[in-house]
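Position in the sequence shown counted from 1, then plus 338, gives you my numbering.
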Amino acid sequence: MKSKHYHIIIGSILFALLMWVSVNMTYEYTSTFSIPIRVENLPADKILKYSIPKNLILRLKGTGWHLTTISVSGISDIVIDGSNLRSNKVIFTDALIVESVKLPTSLSILNIFPDSLNFIVDDCMSKKVKVKPLINISFLEGYGQTGEFNVSPDS
339 MKSKHYHIII GSILFALLMW VSVNMTYEYT STFSIPIRVE NLPADKILKY SIPKNLILRL
399 KGTGWHLTTI SVSGISDIVI DGSNLRSNKV IFTDALIVES VKLPTSLSIL NIFPDSLNFI
459 VDDCMSKKVK VKPLINISFL EGYGQTGEFN VSPDS
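Shown next, in the form of C-alpha cells:
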C-alpha cells in the first residue's frame, strides 16, 4: 500500500525544486562572459603589427533568467571590418559592444576588459632566405655518405 505513494512524493519534491529555482532566478546576479574578437576583410598587403586580444571579457548584471538565456544561447563573435582600419586606430570596446552585440535592455554592463583596442596596421612584406646548413659529419671506418643532403624547408 505504501509503495503506491512514491510518485506523489517524487512529484512534490520536483515541483518544490522547480518553484525554488523559479523564485531564485528572479533575483539579480552578475556574470562574466568571454566574447571572441575577429578581424575580417583585412587587405592582403596589410597586417596588424601587434596582435589584439582573442577575447573580450564582459561582466554583466541582470536577472538570473536573462543571464541564463545569454549563457545558453551565447553571445555572437565581435567582427571588426579590417578594410576600414588605418594605422594607429583606437576602438573603444564599449562602443563596439553597443553596435556589435545585441543584449536585452534589462542587462547592464558593469565592466569590459580591455577597455580599448589599438590597431597598428602595417604593410605586409615577406622575404625568401635560402637555408645553408653548417654540417660537420664524420663517419666510422667503412661507412660514408650516399647521395646529397636534403634540407627541408629550403628557405
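C-beta atoms are modelled at their ideal positions from N, C-alpha and C, and glycine is treated no differently.
Look at residue i and residue j and say whether their C-beta atoms are less than 9 Å apart.
{"i": "Ser490", "j": "Lys466", "result": "no"}
{"i": "Leu394", "j": "Ile373", "result": "yes"}
{"i": "Ile408", "j": "Leu445", "result": "yes"}
To which residues of the same chain is residue i closer than 7 Å at the C-beta, ignoring the five residues directly before and after it?
{"i": "Arg397", "result": "Thr368, Thr370, Leu448 and Asn449"}
{"i": "Leu441", "result": "none"}
{"i": "Ile413", "result": "Phe371, Ile373 and Val439"}
Would you kindly report the start and end of the unbroken beta strand (DSSP E) that includes residue i?
{"i": "Glu366", "result": "Glu366 to Glu378"}
{"i": "Gly400", "result": "Asn393 to Thr401"}
{"i": "Phe430", "result": "Lys427 to Phe430"}
{"i": "Val417", "result": "Ile416 to Asp419"}
{"i": "Ser446", "result": "Ser446 to Phe451"}
On a Cα-Cα basis, can you pick out the residue from the options that is closest to residue i?
{"i": "Lys387", "options": "Leu405, His404, Glu479 and Leu423", "result": "Leu423"}
{"i": "Lys468", "options": "Met363, Ile390, Asn488 and Thr401", "result": "Asn488"}
{"i": "Asp461", "options": "Tyr365, Leu380 and Glu479", "result": "Leu380"}
{"i": "Trp403", "options": "Ala382, Glu378, Asn362 and Gly412", "result": "Asn362"}
{"i": "Thr443", "options": "Lys399, Ile473 and Ser464", "result": "Lys399"}
{"i": "Asp432", "options": "Ser454, Ala382 and Gln483", "result": "Ser454"}
{"i": "Val439", "options": "Val417, Ile351, Phe353 and Thr484", "result": "Val417"}
{"i": "Ser299", "options": "Ile385, Leu352, His345 and Arg376", "result": "Because residue 299 is not part of the residues shown, which for the chain are 339 to 493, the question remains open."}
{"i": "Val377", "options": "Met357, Gly420 and Tyr344", "result": "Gly420"}
{"i": "Lys392", "options": "Tyr344, Thr406, Phe451 and Val436", "result": "Phe451"}
{"i": "Glu486", "options": "Pro471, Gly480, Ser389 and Glu479", "result": "Pro471"}
Which class does residue i belong to by DSSP, given the choice of helix, strand or coil?
{"i": "Ile488", "result": "The residue you asked about is not Ile; residue 488 is Asn in the sequence shown. Asn488 falls in the coil class under three-state DSSP."}
{"i": "Ile458", "result": "coil"}
{"i": "Val436", "result": "helix"}
{"i": "Ser389", "result": "coil"}
{"i": "Ile413", "result": "coil"}
Which residues mark the beginning and the end of the alpha helix (DSSP H) in which residue i is found?
{"i": "Ile346", "result": "Tyr344 to Asn362"}
Can you list, in chain order, the residues of its chain with a C-beta nearer than 6 Å to that of residue i? Leave out the 5 residues immediately preceding and following it.
{"i": "Lys427", "result": "Phe457"}
May I ask whether a heavy atom of the ligand NAD can be found less than 8 Å away from the beta carbon of residue i?
{"i": "Lys468", "result": "For the ligand NAD, the structure offers nothing, since it holds no ligand at all."}
Taking 8 Å as the limit between beta carbons, can you name the residues of its chain near residue i, skipping five residues before and five after?
{"i": "Thr364", "result": "Thr401, Gly402 and Trp403"}
{"i": "Asp383", "result": "Asp461 and Cys462"}
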